[in-house]
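Novice:
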Amino acid sequence: MSAPAAPVAATPTPAPAPTGRGGRRRGSAFVGTVPFLLYTGLFLLLPTAIILIGSFQDGSGGFTLANIKAMGDPATMDALWNSVVLSLVTAVVGAVIGGVLAYVLTTGAPGGALRRLVTAACSVLAQFGGALLAFAFIATLGTNGLVTRALASSLGITIDPNYLSTLSGFIPVYLYFQIPLMVIVFLPAVDGIRPQWREACETLGGSTWAFWRHVGGPLLLPPFLGSVLLLFANAFSAYATAATLVSQYNPLIALQIRGALISETGLGAPNFAKALALLMVLVVGVMMALYYLLQRRASRWLR
Amino acid sequence: MAEMTGTSAPLVQAESPLAPLRPARSGPRLRAARRRRQAAIRWVVVVLVLAFFVTPMVSMVDFTTRLLSGKRSGIAWRKVVDFGQLDPQAKDLLVDGLRTSLILAVLTVVIMVVLLVPTMTWVRLRLPGMTRTIEFICLLPLIIPAIVLVVGYYPIYRFIGQHFSTSSVWLALAYGVLVLPYAYRALDAGLSAIDVKTMSEAARSLGSSWAGVMWRIVVPNIATAIAGAAFLSVALVLGEFTVASLLSKNNLQTSLVLVSSADPRFATAMSLVVLLLAFLLLFVLTFVGNRRRARR
Numbered sequence: 001m002s003a004p005a006a007p008v009a010a011t012p013t014p015a016p017a018p019t020g021r022g023g024r025r026r027g028s029a030f031v032g033t034v035p036f037l038l039y040t041g042l043f044l045l046l047p048t049a050i051i052l053i054g055s056f057q058d059g060s061g062g063f064t065l066a067n068i069k070a071m072g073d074p075a076t077m078d079a080l081w082n083s084v085v086l087s088l089v090t091a092v093v094g095a096v097i098g099g100v101l102a103y104v105l106t107t108g109a110p111g112g113a114l115r116r117l118v119t120a121a122c123s124v125l126a127q128f129g130g131a132l133l134a135f136a137f138i139a140t141l142g143t144n145g146l147v148t149r150a151l152a153s154s155l156g157i158t159i160d161p162n163y164l165s166t167l168s169g170f171i172p173v174y175l176y177f178q179i180p181l182m183v184i185v186f187l188p189a190v191d192g193i194r195p196q197w198r199e200a201c202e203t204l205g206g207s208t209w210a211f212w213r214h215v216g217g218p219l220l221l222p223p224f225l226g227s228v229l230l231l232f233a234n235a236f237s238a239y240a241t242a243a244t245l246v247s248q249y250n251p252l253i254a255l256q257i258r259g260a261l262i263s264e265t266g267l268g269a270p271n272f273a274k275a276l277a278l279l280m281v282l283v284v285g286v287m288m289a290l291y292y293l294l295q296r297r298a299s300r301w302l303r
Numbered sequence: 001m002a003e004m005t006g007t008s009a010p011l012v013q014a015e016s017p018l019a020p021l022r023p024a025r026s027g028p029r030l031r032a033a034r035r036r037r038q039a040a041i042r043w044v045v046v047v048l049v050l051a052f053f054v055t056p057m058v059s060m061v062d063f064t065t066r067l068l069s070g071k072r073s074g075i076a077w078r079k080v081v082d083f084g085q086l087d088p089q090a091k092d093l094l095v096d097g098l099r100t101s102l103i104l105a106v107l108t109v110v111i112m113v114v115l116l117v118p119t120m121t122w123v124r125l126r127l128p129g130m131t132r133t134i135e136f137i138c139l140l141p142l143i144i145p146a147i148v149l150v151v152g153y154y155p156i157y158r159f160i161g162q163h164f165s166t167s168s169v170w171l172a173l174a175y176g177v178l179v180l181p182y183a184y185r186a187l188d189a190g191l192s193a194i195d196v197k198t199m200s201e202a203a204r205s206l207g208s209s210w211a212g213v214m215w216r217i218v219v220p221n222i223a224t225a226i227a228g229a230a231f232l233s234v235a236l237v238l239g240e241f242t243v244a245s246l247l248s249k250n251n252l253q254t255s256l257v258l259v260s261s262a263d264p265r266f267a268t269a270m271s272l273v274v275l276l277l278a279f280l281l282l283f284v285l286t287f288v289g290n291r292r293r294a295r296r
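These protein sequence lines are chains U and X, in that order.
To convert, note that position 16 of the first sequence is 16 in UniProt numbering; the numbers rise steadily by one, no gaps.
To convert, note that position 168 of the second sequence is 168 in UniProt numbering; the numbers rise steadily by one, no gaps.
1. Taking C-alpha atoms, which residue in X:Ser192, X:Val213, X:Ala193 lies nearest to Ala202 (chain X)?
2. Buried or exposed: which applies to Val104 (chain U), given that a residue is buried once 16 or more other Cβ atoms fall within 10 Å of its Cβ?
3. When the cut-off is 8 Å and only beta carbons count, does Pro14 (chain U) lie next to chain X?
4. Can you pull out the residues from the segment 59-93 of chain U whose beta carbon lies closer than 9 Å to at least one beta carbon of chain X?
5. Excluding the five sequence neighbours on either side, which residues of its own chain have a C-beta within less than 8 Å of the C-beta of Leu267 (chain U), listed in chain order?
6. Going by DSSP, what residue range makes up the alpha helix (DSSP H) through Arg78 (chain X)?
7. Give the range of the alpha helix (DSSP H) segment to which Trp197 (chain U) is assigned.
8. Counting only C-beta atoms, is Ile160 (chain X) closer than 8 Å to chain U at any point?
9. Just to check, is the beta-carbon of Gly142 (chain U) closer than 7 Å to a non-hydrogen atom of the ligand HEM?
10. Give the straight-line distance between the Cα atoms of Thr64 (chain X) and Leu294 (chain U), rounded to the nearest whole angstrom.
11. Do you know how far the Cα of Thr100 (chain X) is from the Cα of Ser263 (chain U)?
12. Counting only Cβ pairs nearer than 7 Å, list the residues of chain X close to Ile171 (chain U).
13. Would you kindly check if the distance between the Cβ of Ser59 (chain X) and the Cβ of Gly61 (chain U) is under 8 Å?
14. Pull up the DSSP beta-bridge partners for Gln57 (chain U), would you.
15. Quick one: which residues of the segment 239-268 of chain X get their C-beta closer than 9 Å to a C-beta of chain U? List them in chain order.
16. Who are the neighbours of Thr119 (chain X) on chain U, taking C-beta pairs under 9 Å?
17. Does the segment 162-179 of chain X come into contact with the segment 104-119 of chain X, if we say contact requires no fewer than three beta-carbon pairs (one atom in each stretch) closer than 8 Å?
18. One question on the structure: do Ser123 (chain U) and Ile184 (chain U) come within less than 8 Å of each other, judged by their Cβ atoms?
19. Quick one, which of X:Pro118, X:Arg34, X:Pro88, X:Ile137 has its alpha-carbon nearest Leu45 (chain U)'s?
20. Can you tell which of X:Arg265, X:Met112, X:Arg124 has its C-alpha closest to the C-alpha of Asp195 (chain X)?
21. Considering only residues of the same chain and omitting the five flanking positions on each side of Gly169 (chain U), which have a CB-CB separation below 6 Å?
22. Using beta-carbon positions only, say whether Ala183 (chain X) and Met112 (chain X) come within less than 8 Å of one another.
23. Can you tell which of X:Leu93, X:Met130, X:Gly152, X:Leu252 has the C-alpha that lies nearest to the C-alpha of Leu37 (chain U)?
24. Whole angstroms is fine: what's the gap from Pro23 (chain X)'s alpha carbon to Ile41 (chain X)'s?
25. Considering Tyr169 (chain U), what are the terminal residues of the alpha helix (DSSP H) in which it resides?
26. Which residues in the same chain have their Cβ closer than 6 Å to the Cβ of Ile51 (chain U), if we skip the five residues on either side of it in sequence?
27. Could you tell me which chain U residues have their CB closer than 8 Å to the CB of Trp122 (chain X), listed as they occur along the chain?
28. If we count the other Cβ atoms within 10 Å of its Cβ and call it buried at 16 or more, is Pro12 (chain U) buried or exposed?
29. Using a threshold of 8 Å, state whether the C-beta atoms of Ala243 (chain U) and Leu255 (chain U) are closer than that.
30. Bridge partners for Arg72 (chain X) per DSSP, in chain order?
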């Protein structure tokens, strides 16, 4: 890493390269991004446009606000509140535990077996959502689960048979993918803290507290908060696990969409699912706006 | 540990001429104490987190081998070893789902690497003004998650079904979008860690082509990041349920859920196997990524 850094220090303004640059190449430079823009245009922006326009359309394609007004009902508002609480709790708890784990990993040998094992495990577990995760927790905390039986026989504690269908029951399940995601997302940032900086701080007489207060903390805070927002969005938009755990009712906003989508193919209100989708997009959009502000702050450090 | 002492050795040498300064003398001793403390904390944290993550796995093993009466039975695992013992309909469903998911994993990684790596590098080097735009597009699937996106995909996949085919392989185009935020963050971290601009300017001034910069400068330097992005993509595709199920396509997850209602023990056993296979694959890939970094 020190090799590429040396020329930067030696020549802050690279002299020979700029001669080839100029307006002549602006157009050809843009061509390089066309395949990417074309693909995302068709498979990301087009579906988004379909949802955006659909939320304000009635069954025959005319403009209406009925879909938006229909979201004011208590069931939808409760589901939204539940989703926000669940996402916030699992994002903060997951970020703290995952952040500590990520830091702890970097204090070990960089190529060590422990770190390789944990990184590989995390990249699998971070995406271990879906039905499989529901199977795993039913086998653990379900009526006949291992932990349920162990607690009942050893401590006499009975776990509510419906625990996994409740909001608090979702928390351990969601943490199972939130913590690994935090490790993956946060590890590169912690890796950026070089041992040399710590040593430099010590050479100048700084304590551990001084290092974290003036060097480590300020450097890691923006990526940490950014990760919390990412985890919030991740939990807020999770669907498959909750859908497998709860089939009777729809306590989360993502499940409300499932319900609306199913009823849409029947005789339900047309395009209500798209309006719910828009609501989700707005909530997560606020998170992402904050994330952008943090990114701008973090990139000031990088320059 | 060997590497830790390796990094500190030259520093001690560099400090020794400054022996009269106090921090230089106390430095190594402080560091040694801190390392011992760090090692202890490391193991406590890892063991605690490990317990949380291993318990559901152990429970799955327990669940697959335990009948409701409390007796043990290996029937679920015999079915995993030999799909022939499954109901023929379930077998066809599962084999098809498994094959589809593997093909989708490969296609998704190809789409991700071929589109994202050159575009992100290109934008950094030549179009810095577009960085925010590309980042916004890449993070958009977080704002518009799968459950939402699938509503918009519905008419698009109806069009593909009418004009091309209804094959589940087309899901790769949707999955390429779903992995964007994770792949972007992994690659962005890798690109931020190196000074792409200075390195490419150095290469260009020495006569390298843009393709040469890409292939010989950028890719080797962010190999770990590319491997990381690929890990996430594979794991996401193998675990994807929402889009496939709501678009009525068959992949590994949807087939397992269908099989699970009739045979939950087998479905749970199969989930464990899938998880372990994915884990093994990614562990091998991590080795590759690390070897490259070590060579550098």
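Every residue gets a Cβ at the ideal spot worked out from N, C-alpha and C, and that includes glycine.
For clarity, every value in this text was computed on a predicted model and none was experimentally measured.
Specialist: With the structure as the only source:
1. X:Val213
2. buried
3. With a pLDDT of 43 at Pro14 (chain U), under the threshold of 50, the predicted position of this residue should be treated as unreliable, though the coordinate-derived value follows. Closer than 8 Å: yes.
4. none
5. In this prediction, Leu267 (chain U) scores a pLDDT of 48, lower than 50, which makes its location untrustworthy; no coordinate-derived value is stated.
6. 75-81
7. 195-203
8. no
9. As for the ligand HEM, it is missing from this structure, which has no ligand bound.
10. 46 Å
11. 29 Å
12. Within 7 Å Cβ-Cβ: nothing; Ile171 (chain U) doesn't reach chain X, min ~12 Å.
13. no
14. U:Phe63
15. Gly239, Glu240, Phe241, Thr242, Ser245, Leu246, Gln253, Thr254, Leu256, Val257, Ser260, Pro264, Ala267, Thr268
16. Gly32, Thr33, Pro35, Phe36, Leu37
17. yes
18. yes
19. X:Ile137
20. X:Arg124
21. Tyr163
22. yes
23. X:Met130
24. Because the pLDDT at Pro23 (chain X) is just 45, under 50, the model does not fix this residue reliably, and the point stays unresolved.
25. For the record, residue 169 (chain U) in the displayed sequence is Gly; it is not Tyr. Its alpha helix (DSSP H) spans residues 167-191.
26. Lys274, Ala277
27. Ala29, Gly32, Thr33
28. The predicted model places Pro12 (chain U) with a pLDDT of 43, which falls under 50 and marks its position as unreliable; any figure quoted below should be read in that light. Pro12 (chain U) is exposed by the Cβ-count criterion.
29. yes
30. X:Arg66
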